[in-house]
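To start, the structure under review is shown below, and the notes come after it.
Protein chains: 2
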Amino acid sequence: MSENSEAPIRGNFERVTRGPFEGWWKWSGKDPFEDGTGPFFVTRDERGIVTGFMPEQKNLNGHGIVHGGALMTFADFSLFMVAASNGDEVTGVTVTLNCEFVSGAQAGEMLTSRGELVRAGGSLVFARGTIFCGETPVLSYSGTIKRARRVSH
Amino acid sequence: MSENSEAPIRGNFERVTRGPFEGWWKWSGKDPFEDGTGPFFVTRDERGIVTGFMPEQKNLNGHGIVHGGALMTFADFSLFMVAASNGDEVTGVTVTLNCEFVSGAQAGEMLTSRGELVRAGGSLVFARGTIFCGETPVLSYSGTIKRARRVSH
Numbered sequence: 000m001s002e003n004s005e006a007p008i009r010g011n012f013e014r015v016t017r018g019p020f021e022g023w024w025k026w027s028g029k030d031p032f033e034d035g036t037g038p039f040f041v042t043r044d045e046r047g048i049v050t051g052f053m054p055e056q057k058n059l060n061g062h063g064i065v066h067g068g069a070l071m072t073f074a075d076f077s078l079f080m081v082a083a084s085n086g087d088e089v090t091g092v093t094v095t096l097n098c099e100f101v102s103g104a105q106a107g108e109m110l111t112s113r114g115e116l117v118r119a120g121g122s123l124v125f126a127r128g129t130i131f132c133g134e135t136p137v138l139s140y141s142g143t144i145k146r147a148r149r150v151s152h
Numbered sequence: 000m001s002e003n004s005e006a007p008i009r010g011n012f013e014r015v016t017r018g019p020f021e022g023w024w025k026w027s028g029k030d031p032f033e034d035g036t037g038p039f040f041v042t043r044d045e046r047g048i049v050t051g052f053m054p055e056q057k058n059l060n061g062h063g064i065v066h067g068g069a070l071m072t073f074a075d076f077s078l079f080m081v082a083a084s085n086g087d088e089v090t091g092v093t094v095t096l097n098c099e100f101v102s103g104a105q106a107g108e109m110l111t112s113r114g115e116l117v118r119a120g121g122s123l124v125f126a127r128g129t130i131f132c133g134e135t136p137v138l139s140y141s142g143t144i145k146r147a148r149r150v151s152h
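So the protein lines, in turn, are chains A and B. Quick note: the first sequence uses numbering that gives the first Met the number 0, first residue 0, plus one each step. Quick note: the second sequence uses numbering that gives the first Met the number 0, first residue 0, plus one each step.
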């Protein structure tokens, strides 16, 4: 996969050409659980990194609203995108993720998230953010990523 | 759906009749995201409530290990089962869920979780637990459930 110099984050992203996220970007790597739960999208505007997710019927829980597990999976994706706010993709694993479920979300309503890169250290990256439906906060999250050791090749 | 008096939790659970979780129980309600991510199972032994999950290829992330979102979805299910330690199903929504990812998990290796009901209040239930692969801790979680208002009918 080649990097796309227009992408909001330096890494493997491809432009979305149709649907409600047309013009946004999708990570072009293979992540079966994220692709099965989402897909999730990312763009950058004058205020910074924005991520997006359109929940479907498959994402619902027994109450008929979006399952917390689906929201946390989107929060985890968003954590990595916010962590890349300086422009470089962050490769690593989530070490902690704390979530507050502020309000429920419905299928068919677009969710977006913005956040803040708290600190990008050499081994740990700290970030936090909020998932919104329109102007309504849905989930508040904060997390820590441990960077993968770089393989020289 | 009728309650099964043998189930580890009073509620809508059906006995599993085949596979690695034969003899365990599955919630018989409809939860598209949980069923798509899991299925997840529950039983009770002399030490208390145990939940189980066998991750598959569909649960993996880009590193080829089980995605944090799948583990958090299992943690959320386990939170509700641990919250029902006194024997009564807890109906409500997750308000907070905090997760520490202690080690990675592989597809095809059975995960189990045990936990502790910290406090079952009238409106909020506090619980915590650990997901294990064998004896190895994989994820440590703590969370709060807000009970659904009871509908009189």
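Note that beta-carbon positions come from the ideal geometry of N, C-alpha and C, so glycine has one too. Everything numeric in this text was worked out from a predicted model, so none of it was measured.
PRO19 of chain B and PHE39 of chain B have their C-alpha atoms spaced approximately 12 Å apart.
Under the Cβ distance rule, ASN60 of chain B counts among the residues neighbouring chain A, one pair being separated by less than 7 Å. Note on ASN85 of chain A: under 16 other CB atoms within 10 angstroms of its CB, so exposed under the neighbour-count rule. For GLU88 of chain B, the CB contacts under 7 Å within the same chain, skipping 5 residues up- and downstream, are ILE8, ARG9 and GLY10 in chain order.
Nearest neighbour of GLY61 of chain B by Cα position, chosen from B:GLY103, B:GLY47 and B:GLU45, turns out to be B:GLY103.
A Cβ-Cβ distance of about 4 Å is found for the pair ASN58 of chain B and ALA69 of chain B, placing them in contact under the 8 Å criterion. GLU115 of chain B is bridged by DSSP to B:ARG127. Following the DSSP letters along the chain, one finds ASP75 of chain A inside the alpha helix (DSSP H) bounded by residues 67 to 82.
Within 7 Å of the CB of ALA69 of chain B, the CB atoms of chain A belong to PHE32, in sequence order along the chain. A distance below 7 Å between beta-carbons, with the five flanking residues on each side excluded, links THR111 of chain A to the following residues of its chain, in chain order: VAL49, THR50, GLY51 and PHE131. Taking a Cβ-Cβ threshold of 7 Å, none of the residues of chain A is close to GLU13 of chain B; the smallest such distance is about 15 Å. Rounded to whole angstroms, the separation of the alpha carbons of PHE79 of chain A and LYS145 of chain B is 29 Å. Closer than 7 Å to the CB of GLU99 of chain B there is at least one CB belonging to chain A.
The beta carbon of ASP75 of chain A sits closer than 7 Å to some beta carbon of chain B. PRO31 of chain A: member of the alpha helix (DSSP H) spanning 31 to 36, first to last residue. Pairing VAL101 of chain B with PRO136 of chain B gives a Cβ-Cβ distance under 7 Å. The region 0 to 26 of chain B contains, as complete beta strand (DSSP E) runs of 3+ residues, the segments 12 to 14 and 24 to 26 (chain order). The Cβ neighbour count for ASP30 of chain A, taken over all protein chains shown within 10 Å, is at least 16; the residue is labelled buried. Distance check between MET109 of chain A and each of A:VAL92, A:PRO54, A:GLY28 and A:TRP26 places A:PRO54 closest, using alpha-carbon atoms only. CA-to-CA, the gap between GLU45 of chain B and ARG113 of chain A works out to about 46 Å. Around the C-beta of GLU5 of chain A, fewer than 16 other C-beta atoms lie within 10 Å, and the residue is accordingly described as exposed.
ASN97 of chain A carries a strand assignment under DSSP once its states are collapsed to helix, strand and coil. Taking a Cβ-Cβ cut-off of 7 Å, the neighbours of LYS57 of chain A in chain B comprise PRO31, PHE32 and GLY35, given in sequence order. According to the DSSP assignment, LYS145 of chain B belongs to the beta strand (DSSP E) that extends over 135 to 146. Using a 10 angstroms sphere on the CB of SER77 of chain A, the tally of other CB atoms reaches 16 or more, which defines it as buried. Cα atoms of GLY28 of chain B and VAL15 of chain B: separation of roughly 14 Å, rounded to the nearest angstrom.
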